[in-house]
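> Going down the list, the protein sequences come from chains A and B. Counting in UniProt numbering, the final residue of the first sequence is number 196, and the numbers go up one at a time with none missing. Counting in UniProt numbering, the final residue of the second sequence is number 196, and the numbers go up one at a time with none missing. All C-beta atoms in this analysis are idealised placements derived from N, C-alpha and C, irrespective of residue type, glycine included. Note that the structure is a prediction, hence the values are computed from the model and not measured. Structure provided below as structure tokens; questions to follow.
There are 2 protein chains.
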Amino acid sequence: MSEPRRRADAVRNREAVLDAAEALFARGGADGVSMNAVAEAAGVGKGTVFRAFTDRTGLLQALAERRSAPLRQAVESGPPPLGPGAPPRERVVAVLNALLGAKLDNQGLYLALEEAGGAASPYRSPSYGWWHTVLRDELARLTGTAGRADFLAHALLAAVRADLVAHLTVDERLPVAELRRRLTAYAHSVIPPEGG
Amino acid sequence: MSEPRRRADAVRNREAVLDAAEALFARGGADGVSMNAVAEAAGVGKGTVFRAFTDRTGLLQALAERRSAPLRQAVESGPPPLGPGAPPRERVVAVLNALLGAKLDNQGLYLALEEAGGAASPYRSPSYGWWHTVLRDELARLTGTAGRADFLAHALLAAVRADLVAHLTVDERLPVAELRRRLTAYAHSVIPPEGG
DNA sequence: CGACGATACGGACCATCGGTCCGCTTGGCA
DNA sequence: TGCCAAGCGGACCGATGGTCCGTATCGTCG
């Protein structure tokens, strides 16, 4: 069961690749961030990148994982309203807004991550499952049927998808503050009241 | 201003390509439908495909256009509840359900269409704009502020995105009837009441 | 400390894909 | 019937994700 021990240089390189890729996404946006570019920026061979992350999707997921770790931590065990304990309505809205924030920073990364189809569909990533579970469980405390909470969670997450967010802020030039306001209003109107 | 007249063989070939591509998507799903494959299946050179449709996105959009023309027609000038005239709530729900139906048939096509990023983002296609306008205008009759209706329309459309639909029906094995029920319930709960 | 096997490196290499180019063919009009 | 613009097709191109394998390095054990 124990992991077979990783060599020191492998660990070091993995970190370097992660850093380089993060920088590339932060700087240029989504385009131009090819695996070749990442390897070069990290000062590492291409094979090294693929050994560390299996494929492009693996790299993107690891990257997103690292970037959103604090947020997940806050949701898992931080103080309300993000952490457990707040009334369901408030917590769901807080989580959605936090997620929106993550997509706004890291636009390039999340665009790349959600673009993939087939086996790499965003819906198949463990990360999506995690967020969906959090929302669903919280919503289940408000709605009668489980199926309802389940679909509602999907719908709410769909409203903060990276490409929609990018479209609204970049193409339509909707100010971020306004976007936040609309998302919040929408979420409030969607989430059923306390009385089920 | 007049279109420069198209040669007969060009028209014929265009149709052949459309048919071949449609068949490919209907049969195999999204994968394997490369431009090369389409050209070959149509019994036509690759250059011909690109002259007729400019690029891959053009082909996909033309394809989707053709497949959904009757639906658009029905929404534009058909009988209620899909056509104009029905109460906003019912019409919006009807349109969403119709859209869901279109994504369920033609899964491969819509998956391919929504996968694209960058300049070919689904949100930049005229088709999306059209559906969004329809929903927004209808919703605007119910909500106070325009911005609210606008975002709500986006959110509702996001709930029937091809990859989400595929995830629910294929991965989660959610029966189509159940999906329809949940979508309808969700839409009803989201759309503000008449007095809104 | 030396040596040996497992692990990792790197970049040449490969297959595939969307898209372009251009010499040849064909349709349509006078 | 002859001319020429419109169209054809498939070889070709550049980029990309992913693989392969000879070589270098790590870490351990005697």
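Taking C-beta to C-beta, are residue 111 of chain B and residue 63 of chain B nearer than 9 Å?
What you label residue 111 of chain B is simply residue 111 of the second sequence in a count that begins at 1. What you label residue 63 of chain B is simply residue 63 of the second sequence in a count that begins at 1. Not closer than 9 Å, so no.
> According to DSSP, simplified to helix, strand and coil, what is residue 142 of chain B?
The residue given as residue 142 of chain B occupies position 142 in the second sequence. Three-state result, residue 142 of chain B: coil.
> Give me the residue from A:104, A:72 and A:89 with the minimum Cα distance to residue 185 of chain A.
Residue numbering aside, residue 185 of chain A sits at position 185 when the first sequence is read from its first letter. If we check each option's Cα against that of residue 185 of chain A, A:89 comes out closest.
> Relative to the C-alpha of residue 167 of chain B, which residue among A:116, A:32, A:121 and A:22 is closest?
Within the second sequence, the letter at position 167 stands for residue 167 of chain B. The residue with the shortest Cα to Cα distance from residue 167 of chain B is A:121.
> Pair every Cβ in the segment 56-75 of chain A with every Cβ in the segment 150-161 of chain A, then say whether three or more of these pairs are closer than 8 Å.
The answer is no - the segment 150-161 of chain A does not touch the segment 56-75 of chain A, with fewer than three Cβ pairs under 8 Å.
> Count the other CB atoms, across all protein chains shown, that sit within 10 Å of the CB of residue 131 of chain A; report buried if there are 16 or more and exposed otherwise.
The residue you call residue 131 of chain A lines up with position 131 of the first sequence. Residue 131 of chain A should be labelled buried.
> Can you tell me whether DSSP reads residue 114 of chain A as helix, strand or coil?
Walking along the first sequence from the start, residue 114 of chain A turns up at place 114. Here residue 114 of chain A sits in helix by DSSP.
> Determine the direct distance from the alpha carbon of residue 27 of chain B to that of residue 10 of chain B, and round the result to whole angstroms.
Taking the second sequence and counting its residues from 1, one reaches residue 10 of chain B at position 10. Taking the second sequence and counting its residues from 1, one reaches residue 27 of chain B at position 27. Those two C-alpha atoms are separated by around 26 Å.
> Using beta-carbon positions only, say whether residue 71 of chain B and residue 98 of chain B come within less than 9 Å of one another.
Here residue 71 of chain B refers to the residue found at position 71 when the second sequence is read from its first residue. Here residue 98 of chain B refers to the residue found at position 98 when the second sequence is read from its first residue. Contact flag set, yes.
> Nearest-angstrom Cα distance between residue 77 of chain B and residue 85 of chain B?
Here residue 77 of chain B corresponds to residue number 77 of the second sequence, with the count starting at 1. Here residue 85 of chain B corresponds to residue number 85 of the second sequence, with the count starting at 1. If you take the alpha carbons of residue 77 of chain B and residue 85 of chain B, they lie about 10 Å apart.
> So which of A:155, A:162, A:115 and A:160 has the shortest CA-CA distance to residue 160 of chain B?
Start at 1 with the first residue of the second sequence, and residue 160 of chain B comes out as number 160. For residue 160 of chain B, the nearest C-alpha among the options comes from A:155.
> Residue 190 of chain A and residue 93 of chain B look like a contact to me (Cβ under 8 Å); what is the Cβ gap, rounded to whole Å?
Here the question's residue 190 of chain A lines up with position 190 in the first sequence. Here the question's residue 93 of chain B lines up with position 93 in the second sequence. About 15 Å separates the two Cβ atoms, so there is no contact after all.
> So, for residue 143 of chain B: in the same chain, excluding its five sequence neighbours on each side, which residues have a beta-carbon less than 8 Å away from its beta-carbon?
Position 143 of the second sequence, counting from 1, holds the residue named residue 143 of chain B. The residues are 149, 152, 192 and 196.
> Where does residue 15 of chain B fall in DSSP's three states?
Residue mapping note: residue 15 of chain B aligns to position 15 of the second sequence, counting from 1. DSSP places residue 15 of chain B in helix when its eight states are reduced to three.
> Ends of the alpha helix (DSSP H) at residue 75 of chain A?
Here residue 75 of chain A is taken as the residue at index 75 of the first sequence, counted from 1. Counting along the chain, the alpha helix (DSSP H) containing residue 75 of chain A begins and ends at 56-77.
> For residue 137 of chain A, go through chain B and note every residue whose CB falls closer than 8 Å to its CB, in chain order.
In the first sequence, the residue the question calls residue 137 of chain A occupies position 137. Within chain B, no residue comes near residue 137 of chain A; the closest Cβ sits about 17 Å away, beyond 8 Å.
> Do residue 128 of chain B and residue 100 of chain B come within 9 Å of each other at the CB atom, strictly closer than that value?
Taking the second sequence and counting its residues from 1, one reaches residue 100 of chain B at position 100. Taking the second sequence and counting its residues from 1, one reaches residue 128 of chain B at position 128. Contact: no.
> Among A:45, A:177 and A:165, whose alpha-carbon lies nearest the alpha-carbon of residue 106 of chain A?
Stepping through the first sequence from its first residue, residue 106 of chain A is reached at position 106. Taking only the C-alpha atoms, the option nearest residue 106 of chain A is A:165.
> Figure out for me which residue from A:5, A:48 and A:58 has the closest Cα to the Cα of residue 116 of chain A.
Taking the first sequence and counting its residues from 1, one reaches residue 116 of chain A at position 116. Out of A:5, A:48 and A:58, A:58 has the C-alpha closest to the C-alpha of residue 116 of chain A.
> Looking only at C-alpha atoms, which of B:13, B:176, B:16 and B:55 sits nearest to residue 35 of chain B?
Translated into the one-based positions of the second sequence, residue 35 of chain B becomes position 35. Closest by alpha carbon: B:55.
> Within a Cβ cutoff of 8 Å, which residues of the same chain sit near residue 179 of chain B, ignoring the five residues on either side of it in sequence?
As a position in the second sequence, residue 179 of chain B is number 179, starting the count at 1. 100, 165, 168 and 169.
> If we cut at 9 Å on Cβ distances, does residue 34 of chain B have a partner in chain A?
Looking up residue 34 of chain B in the second sequence gives position 34. Not one chain A Cβ lies under 9 Å of residue 34 of chain B.
> Counting only C-beta atoms, is residue 186 of chain A closer than 9 Å to chain B at any point?
Here residue 186 of chain A refers to the residue found at position 186 when the first sequence is read from its first residue. Yes, residue 186 of chain A lies at the interface with chain B (some Cβ there is under 9 Å from its Cβ).
> Taking residue 186 of chain A as part of the alpha helix (DSSP H), name the residues at either end of that continuous run.
Translated into positions along the first sequence, residue 186 of chain A becomes position 186. Residue 186 of chain A -> alpha helix (DSSP H) spans 176-190.
> Which chain A residues sit within Cβ distance under 7 Å of residue 96 of chain B?
Residue 96 of chain B sits at position 96 when you count from the first residue of the second sequence. Simply none; closest approach about 11 Å.
> Between residue 112 of chain B and chain A, is the shortest Cβ-Cβ distance under 9 Å, so that the two count as touching?
Taking the first residue of the second sequence as 1, we reach residue 112 of chain B at position 112. Interface residue, yes.
> Tell me, to the nearest whole angstrom, how far the beta carbon of residue 79 of chain A is from that of residue 91 of chain A; I am working on the premise that it is less than 8 Å.
Reading the first sequence from its first residue, position 79 is the one you call residue 79 of chain A. Reading the first sequence from its first residue, position 91 is the one you call residue 91 of chain A. Contact doesn't hold; Cβ gap of about 11 Å is too wide.
> In the DSSP assignment, the alpha helix (DSSP H) including residue 163 of chain B goes from what residue to what residue?
Here residue 163 of chain B is taken as the residue at index 163 of the second sequence, counted from 1. Taken as a continuous stretch (DSSP letters only), the alpha helix (DSSP H) holding residue 163 of chain B covers 162-166.
> Is the Cβ-Cβ distance between residue 183 of chain A and residue 104 of chain A less than 9 Å?
Reading the first sequence from its first residue, position 183 is the one you call residue 183 of chain A. Reading the first sequence from its first residue, position 104 is the one you call residue 104 of chain A. No; because the gap between Cβ atoms is not below 9 Å, this pair is not in contact.
> Just checking my contact of residue 7 of chain A with residue 52 of chain A at CB under 8 Å: how many whole Å lie between their CB atoms?
Locating residue 7 of chain A in the first sequence gives position 7, counting from the first residue. Locating residue 52 of chain A in the first sequence gives position 52, counting from the first residue. The pair is not a contact, with the Cβ atoms about 11 Å apart (cut-off 8 Å).
> Around the Cβ of residue 171 of chain A, are there at least 16 other Cβ atoms within 10 angstroms (buried) or fewer (exposed)?
The residue given as residue 171 of chain A occupies position 171 in the first sequence. Residue 171 of chain A comes out exposed.
> Just verifying my parser: in three-state terms, what is the DSSP assignment at residue 196 of chain B?
Position 196 of the second sequence, counted from the start, is the residue given in the question as residue 196 of chain B. Low local confidence applies: a pLDDT of 42 at residue 196 of chain B is under 50, so the model's placement there is unreliable, and no value is given.
> Going along the segment 141-163 of chain A in order, which residues come within less than 7 Å of chain B, judged by CB to CB distance?
Those residues of the segment 141-163 of chain A that come within reach of chain B (Cβ to Cβ, closer than 7 Å) are 147, 148, 151, 152, 154, 155, 158, 159, 161 and 163.
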